[in-house]
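Student:
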Ligand SMILES: Cc1cc2nc3c(=O)[nH]c(=O)nc-3n(C[C@H](O)[C@H](O)[C@H](O)COP(=O)(O)OP(=O)(O)OC[C@H]3O[C@@H](n4cnc5c(N)ncnc54)[C@H](O)[C@@H]3O)c2cc1C
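Numbering (UniProt numbering), first residue to last: 1 to 369.
If you want it as structure tokens, here you go:
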């Protein structure tokens, strides 16, 4: 076996919401833990923004109340459908969260803020666990002769400490990035000041009792374990815009699902700081039977599709924080752990997923009359 530079009880690969939640639990339990991430900073824009009541209750149990304080609380949900003349009309207005379910309601706040709160919480609980960036694992090996021994460190990982150039992700195509991002608040500034740990370009060998891959949908850990994603892609493409809208649509600050007569559907998710997230069906972008080339989709194209759906109301924006496009798919891994020593943790649920209608029916108790 390769001599290790160090040993740790748990090594977490990936410091997104899943990795940071796990690190928070382990810090409460005072279990020796390291957490690495390939990005040189936490996420600054885009991705998840919806918090269910149960998540808010768990965060509250950790003493993390900043999500509830900063987020936009969802009180109602509205459905718009075409009338007999094909003009969209509001057909349903219902409570967003069923009465009596929780003392919280569903809330919306950018994922980067959530990561900020976890990082601050970890600092506040003794600073024992810090995210090490930018670091990637390059080898994972399990010594099967040691897996039954509770005091053994049977998982060996090689870690590569990257340079900033190797690690800096592009977080928004042609939308301005970096220090001047509009959603950047003062307490993120520290993350943007590159701090040399003196390890860039070096390699390290570490032995762990347990490894948990929290490295997202395209997980490196999953691939090392030999697990495959099974499922299917559809031909349906949705665009996402995080904008401060200029519109006469009356429900722009209410969560809405708008079905037009022939231009497709869109969802309105009102966010913090006057931002609104729009999920927009892109009927004119085809995947051509394969994977959609997302680099070809522009915010202007997504806006145009939204304008058609929401007509006769007007929709425009001056400020776009983030945009993306994605192809609707449902996939599940054929495995999640090996030897009870290496685990892969991932969940991706997007509001426009194929089974969303069924979920919505049970969550929102839509009136039938
Ligand atoms: C447009 C959009 C909207 C969404 N809306 C919602 C929503 O409203 N609510 C919701 O719950 N979810 C939503 N999701 C899904 C949500 O983003 C994911 O479920 C969530 O980010 C998963 O968290 P995670 O920590 O598992 O993975 P990620 O957030 O993907 O984090 C993975 C982390 O691992 C790091 N990493 C990856 N590979 C490596 C490696 N080899 N080495 C080291 N580090 C690595 C990455 O840098 C990243 O920091 C949405 C996603 C999208 C794209």
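Don't be surprised by glycine CBs; every beta carbon is placed ideally from N, CA and C.
Run the proximity test for residue 215: is its beta-carbon closer than 7 Å to any non-hydrogen atom belonging to ligand 1?
Tutor: The answer is yes for residue 215.
Student: Between residue 51 and residue 71, which are expected to be in contact by the criterion C-beta below 8 Å, what is the C-beta distance as a whole number of angstroms?
Tutor: Yes, they are in contact, since the Cβ atoms of residue 51 and residue 71 sit about 7 Å apart, within 8 Å.
Student: CB-CB under 6 Å to residue 233, same chain, minus the five flanking residues each way: which ones, in chain order?
Tutor: Within the same chain, residue 233 has close Cβ partners 327, 329.
Student: Compare the Cα-Cα distances from residue 162 to each of 156, 153, 135 and report the closest residue.
Tutor: The candidate whose alpha carbon is nearest that of residue 162 is 135.
Student: For residue 375, which beta-bridge partners are listed by DSSP?
Tutor: Outside the displayed span of the chain (1 to 369) sits residue 375, for which this structure offers no information.
Student: Tell me which residues share the same chain as residue 101 and place their Cβ nearer than 8 Å to its Cβ, disregarding the 5 neighbours each side in the sequence.
Tutor: Cβ within range, chain order: 53.
Student: For residue 333, which residues from the same chain have a beta carbon less than 8 Å from its beta carbon, with the 5 sequence-adjacent residues on both sides left out?
Tutor: Result list for residue 333: 222, 227, 228, 229, 230, 344, 346, in chain order.
Student: Can you tell me the Cα-Cα spacing of residue 109 and residue 155, whole angstroms?
Tutor: Straight-line Cα distance between these residues: approximately 37 Å.
Student: Express the C-alpha separation of residue 205 and residue 301 in angstroms, rounding to a whole number.
Tutor: The alpha-carbon atoms of residue 301 and residue 205 are separated by roughly 47 Å.
Student: Since residue 285 and residue 252 should fall inside the 8 Å C-beta cutoff, what is the C-beta to C-beta distance between them, to a whole number of angstroms?
Tutor: The Cβ separation is near 24 Å, so there is no contact.
Student: Using three-state DSSP, classify residue 53 as helix, strand or coil.
Tutor: Here residue 53 sits in helix by DSSP.
Student: Does the distance between the C-beta of residue 237 and the nearest non-hydrogen atom of ligand 1 fall short of 7 Å?
Tutor: No, since every heavy atom of ligand 1 falls outside the 7 Å radius drawn around the Cβ of residue 237.
Student: Among 331, 46, 131, which has the Cα closest to the Cα of residue 21?
Tutor: Among 331, 46, 131, the Cα nearest to that of residue 21 belongs to 131.
Student: By the 10 Å Cβ neighbour count, where 16 or more other Cβ atoms means buried, how is residue 335 classified, buried or exposed?
Tutor: Looking at its Cβ environment, which holds fewer than 16 other Cβ atoms inside 10 Å, residue 335 is exposed.
Student: Determine the contact status of residue 266 and residue 258, defining contact as a CB-CB distance below 8 Å.
Tutor: Yes, Cβ-Cβ distance for residue 266 and residue 258 is below 8 Å.
Student: When you compare the CB positions of residue 76 and residue 254, do they come within less than 8 Å of one another, or not?
Tutor: Yes. Within cutoff.
Student: Just the C-alpha distance for residue 202 and residue 137, rounded to the nearest angstrom, thanks.
Tutor: Their backbone Cα atoms lie some 12 Å apart in a straight line.
Student: Reducing DSSP to helix, strand and coil, say where residue 371 ends up.
Tutor: Nothing can be reported for residue 371: it is not among the residues displayed for the chain, which extend from 1 to 369.
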